[in-house]
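Residue numbers (the working numbering): 194 to 610. One structure is given below, encoded as structure tokens.
Take a look at the structure:
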């Protein structure tokens, strides 16, 4: 069997705590030095480097930077990437310096104290930069909403009346969620365990395993509750999608498993089932055995392109996609996406759907999942699959957007006719 290839943009299961743009005072670096560091990182990212990698490299070489400094620089960088077009318009440029100036202007903050040229702060404003702060800036809606021009029509068509509100939501920091491992504890028990370590949460009313972290989110992965498998980091919408999957024991194949977050959530939902994980790139599953052991779950890992044990009662396809539903977590993906890359992704999705049909039992379910907001990857992909496979029908579908509280997701369930 040919295995799927092509670009892969996956949801951020780690649920990183990327805070809003601010200038916290604690740490060894001055606020101006943090801005200068953010400019340096942004310039590398804008030249094509990975934001995560550049931030990691900067932290390694900047031994003077404390944890608060590293977090502060990261916050500035991710906020600027979420607002890349609008901050660029406000800062009258496309480099890191312009984005930081635009960030200040967006909050009506005078740049002089931060762009002082003193110590490690950025150089003082030029005359032209000073003058631009006194001139009003008119922005088309797509620029103000940080929407790529080439995607505007597709997003408007896909989101309808929700377009503006969703795009505004994608400009903000994403909430941080944990999933209570219901095979080991209750949600209330998980909440109490986290609170005992100073991590405040509140229940998410639309998914019974989810807690939103509202205090000390960056402490979650170091907590005893996390290390002992009582909780895991997972977006609430991702949890809701898993909760909608039909599972009553039996055999489950997570065909595009990645880090295995959905496999682990399914196992907590029904520990009687047997779970198998596969990914075209086995490197993505390297952490799954440790995560499964921490959660008390047994998962059989399959080699790429070698799915043994078929048929399965449930086949889950969390396919590579544009990631548009999770752009507030991974904003660089918005600007890296191109028309050609989107066409590739749509083709890869169709190929995976066609491959997975043979793994589903006679009365089984094929579940197609994206973290995309685009109809081309969602409802249109589902319709095209049914057209290619007349023996199958769409039994149900669900779309979630950031307006629901979590990331954007799409779920389609297929059954044989």
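Every residue gets a Cβ at the ideal spot worked out from N, C-alpha and C, and that includes glycine.
*In this structure, does DSSP put residue 271 in helix, strand or coil?*
One-based indexing of the chain shown puts residue 271 at position 78. Here residue 271 carries a helix assignment [DSSP, helix/strand/coil].
*Mapping DSSP to helix, strand and coil, what is residue 571?*
Along the chain shown, one-based indexing puts residue 571 at 378. The answer is coil: DSSP assigns residue 571 none of H, G, I, E or B.
_Using only the alpha-carbon positions, how far apart do residue 500 and residue 551 sit?_
Translated into positions along the chain shown, residue 500 becomes position 307. Translated into positions along the chain shown, residue 551 becomes position 358. Cα-Cα distance, rounded: 10 Å.
*Three-state secondary structure (DSSP) at residue 596?*
Taking the chain shown and counting its residues from 1, one reaches residue 596 at position 403. Three-state DSSP puts residue 596 in a helix.
*For residue 362, collect the residues of the same chain with a Cβ closer than 8 Å to its Cβ; drop the 5 residues on either side in sequence, then sort them by chain order.*
As a position in the chain shown, residue 362 is number 169, starting the count at 1. Same-chain partners within the cutoff: 521, 594, 595, 596.
*Give me the Cα-Cα distance between residue 543 and residue 604, rounded to the nearest whole angstrom.*
Translated into positions along the chain shown, residue 543 becomes position 350. Translated into positions along the chain shown, residue 604 becomes position 411. In a straight line, the C-alpha of residue 543 is about 15 Å away from that of residue 604.
*Spatial distance of residue 477 from residue 447 (CA atoms)*: Locating residue 477 in the chain shown gives position 284, counting from the first residue. Locating residue 447 in the chain shown gives position 254, counting from the first residue. Going by the C-alpha atoms only, they are around 13 Å apart.
*Beta-bridge partners of residue 585, as assigned by DSSP*: Position 392 of the chain shown, counting from 1, holds the residue named residue 585. Answer by DSSP bridge pairing, in chain order: 609.
*Taking the C-alpha atoms as reference points, what is the distance between residue 245 and residue 239?*
Walking along the chain shown from the start, residue 245 turns up at place 52. Walking along the chain shown from the start, residue 239 turns up at place 46. If I take the Cα positions, the gap works out to 13 Å.
*When the Cα atoms are used, what is the spatial distance from residue 258 to residue 270?*
In the chain shown, residue 258 corresponds to position 65, counting from 1. In the chain shown, residue 270 corresponds to position 77, counting from 1. Spanning the two alpha carbons is a distance of roughly 16 Å.
*Exposure label - residue 350; buried when at least 16 CB within 10 Å*: Within the chain shown, residue 350 is the residue found at index 157, counting from 1. Per the 10 Å Cβ criterion, exposed.
_Simplified DSSP state of residue 557, which is helix, strand or coil_ = To locate residue 557, count along the chain shown from 1; it is residue 364. Strand.
*Can you list, in chain order, the residues of its chain whose CB lies under 8 Å from that of residue 345, leaving out five sequence neighbours each side?*
One-based indexing of the chain shown puts residue 345 at position 152. Annotation for residue 345: 335 place their beta carbon closer than 8 Å to its own, counting only its chain and skipping 5 residues before and after.
*Who are the near neighbours of residue 418 in its chain, counting only those whose CB is closer than 7 Å to its CB and skipping five residues on each side?*
Here residue 418 corresponds to residue number 225 of the chain shown, with the count starting at 1. So the qualifying residues of the chain are 383, 386, 387, 390, 424.
*Where residue 400 falls: helix, strand or coil (DSSP)*: Position 207 of the chain shown holds residue 400. Here residue 400 sits in coil by DSSP.
*Using 10 angstroms around the beta-carbon of residue 392, count the other beta-carbons present and answer buried if the total reaches 16, otherwise exposed.*
By one-based count along the chain shown, residue 392 stands at place 199. Buried.
*asked:* Just to confirm, is the Cβ distance from residue 538 to residue 514 under 7 Å?
replied: Counting from one through the chain shown, the residue named residue 538 turns up at place 345. Counting from one through the chain shown, the residue named residue 514 turns up at place 321. The answer is yes: Cβ separation under 7 Å.
*For residue 294, which residues of its own chain have a beta-carbon under 7 Å away from its beta-carbon, when the five flanking residues on both sides are left out?*
Indexing the chain shown from 1 puts residue 294 at position 101. Excluding residues within five positions, the ones whose Cβ falls inside 7 Å are 284, 304, 322.
*One or two residues paired with residue 447 in a DSSP bridge*: Working through the chain shown from its first residue, we reach residue 447 at position 254. Paired residues: 470, 509.
_Best match in 281, 223, 261 for proximity to residue 236 [C-alpha to C-alpha]_ = Locating residue 236 in the chain shown gives position 43, counting from the first residue. Nearest in C-alpha terms to residue 236, of all of 281, 223, 261, is 281.
*asked:* I'd like the span of the beta strand (DSSP E) that includes residue 435, first residue to last.
replied: As a first step, residue 435 is located in the chain shown; it is residue number 242 there, counting from the start. Boundaries around residue 435 are those of the alpha helix (DSSP H), 429-436, since no beta strand (DSSP E) includes it.
_Closest residue to residue 221 among 262, 432, 243 (Cα-Cα distance)_ = The residue you call residue 221 lines up with position 28 of the chain shown. When only C-alpha atoms are compared, the closest one is 262.
*To the nearest angstrom, how far is it from the Cα of residue 331 to the Cα of residue 589?*
Against the chain shown, residue 331 aligns to sequence position 138. Against the chain shown, residue 589 aligns to sequence position 396. One C-alpha to the other measures close to 44 Å.
_Among 527, 585, 226, the one whose alpha carbon lies nearest that of residue 516_ = Numbered from its first residue, the chain shown carries residue 516 at position 323. Nearest C-alpha to residue 516: 527.
*asked:* Could you tell me the alpha carbon to alpha carbon distance between residue 581 and residue 497, rounded to whole angstroms?
replied: Numbered from its first residue, the chain shown carries residue 581 at position 388. Numbered from its first residue, the chain shown carries residue 497 at position 304. Computed Cα separation, rounded: 25 Å.
*Counting only runs of 3+ residues fully inside the region 240-312, write out the beta strand (DSSP E) ranges in chain order.*
Counting only runs of 3 or more, we get nothing.
*Looking at residue 562 and residue 434, is the spacing between their C-beta atoms short of 7 Å?*
Within the chain shown, the letter at position 241 stands for residue 434. Within the chain shown, the letter at position 369 stands for residue 562. Their beta carbons are under 7 Å apart, which means residue 434 touches residue 562 by this criterion.
*Under three-state DSSP, which class holds residue 352?*
Taking the chain shown and counting its residues from 1, one reaches residue 352 at position 159. Here residue 352 sits in helix by DSSP.
*Which word fits residue 243, buried or exposed, when buried means at least 16 other C-beta atoms lie within 10 angstroms of its C-beta?*
The residue you call residue 243 lines up with position 50 of the chain shown. With a threshold of 16 other beta carbon atoms within 10 Å, residue 243 falls short and is exposed.
*asked:* To the nearest angstrom, how far is the alpha carbon of residue 458 from that of residue 302?
replied: Residue numbering aside, residue 458 sits at position 265 when the chain shown is read from its first letter. Residue numbering aside, residue 302 sits at position 109 when the chain shown is read from its first letter. Taking the straight line joining both Cα atoms gives about 44 Å.
*When you compare each of 471, 475, 461, 506 to residue 486 by their alpha carbons, which one comes out closest?*
If you number the chain shown from 1, residue 486 lands on position 293. Considering only alpha carbons, the answer is 461.
_Contacts around residue 480, its chain only, beta-carbon distance under 7 Å, and the 5 residues preceding and following it disregarded_ = Reading the chain shown from its first residue, position 287 is the one you call residue 480. These residues qualify, in order along the chain: 452.
*Look at residue 348 and residue 524 and say whether their C-beta atoms are less than 7 Å apart.*
Translated into the one-based positions of the chain shown, residue 348 becomes position 155. Translated into the one-based positions of the chain shown, residue 524 becomes position 331. Going by beta carbons, residue 348 and residue 524 fall outside the 7 Å limit.
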